[in-house]
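Just remember that my numbering sits 348 ahead of the position in the sequence shown, which is counted from 1. Cβ coordinates follow ideal geometry from the N, Cα and C atoms, glycine included. Fair warning: this is a prediction, and the values are worked out from it, not measured in the lab.
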Amino acid sequence: MATKRRIEITVETQQVAVTHDEGNFAAWCADCQSHVLMIGLGQAAQLSGLSWRELVRQTDAQVLHGYEPAAGVMDGRLLICLASLSQWLRQAAQTTVLLPLLATSKIEEAQ
Numbered sequence: 349m350a351t352k353r354r355i356e357i358t359v360e361t362q363q364v365a366v367t368h369d370e371g372n373f374a375a376w377c378a379d380c381q382s383h384v385l386m387i388g389l390g391q392a393a394q395l396s397g398l399s400w401r402e403l404v405r406q407t408d409a410q411v412l413h414g415y416e417p418a419a420g421v422m423d424g425r426l427l428i429c430l431a432s433l434s435q436w437l438r439q440a441a442q443t444t445v446l447l448p449l450l451a452t453s454k455i456e457e458a459q
């Protein structure tokens, strides 16, 4: 009788980025339903490695939470909810790590 093998791989990472920009501030995020740190597009691009254009696309698609202050406040710049950006980057990292591992394990099982 063949025995089943189970391999479990856990990958855990932590990253802390401390930045200072006078354009960042705590604000209410309607999607998160809490006060969060809002950061400018430039800082979000720097932290994520994504272009401004991609960040705007993800905000328009409601993947990232965005906030546009009233005219005259912060020059009406789009701000990104840091909590939603962090969550999205964690999910993207897990997908990038786990999908190739899952595909490899399926191939090995089939052989």
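Practice problem: Starting from residue 374, trace the alpha helix (DSSP H) both ways and give me its first and last residue. | Solution: Position 26 of the sequence shown, counted from the start, is the residue given in the question as residue 374. Residue 374 -> not in any alpha helix (DSSP H); beta strand (DSSP E) instead, spanning 373-377.
Quiz item: So, helix, strand or coil for residue 398, using DSSP?
Solution: Against the sequence shown, residue 398 aligns to sequence position 50. If DSSP states are grouped into helix, strand and coil, residue 398 belongs with coil.
Self-check item: Local Cβ density within 10 Å of residue 407, reported as buried at 16 or more and exposed below that
Solution: For the purposes of this step, residue 407 is identified with residue 59 of the sequence shown, where counting begins at 1. Burial state of residue 407 is buried, judged by a 10 Å Cβ sphere holding 16 or more other Cβ atoms.
Quiz item: DSSP on residue 384, reduced to helix/strand/coil?
Solution: Here residue 384 is taken as the residue at index 36 of the sequence shown, counted from 1. When DSSP states are grouped into helix, strand and coil, residue 384 belongs to the strand group.
Self-check item: Collapsed DSSP secondary structure at residue 426 in the structure displayed
Solution: The sequence position of residue 426 within the sequence shown is 78, counting from 1. Residue 426 sits in coil when the DSSP states are folded into three classes, being neither helix nor strand.
Quiz item: Nearest-angstrom Cα distance between residue 402 and residue 353?
Solution: In the sequence shown, the residue the question calls residue 402 occupies position 54. In the sequence shown, the residue the question calls residue 353 occupies position 5. The alpha-carbon atoms of residue 402 and residue 353 are separated by roughly 41 Å.
Quiz prompt | Contact under 7 Å by Cβ, residue 412 with residue 427 | solution = Reading the sequence shown from its first residue, position 64 is the one you call residue 412. Reading the sequence shown from its first residue, position 79 is the one you call residue 427. Cβ atoms of residue 412 and residue 427: not closer than 7 Å.
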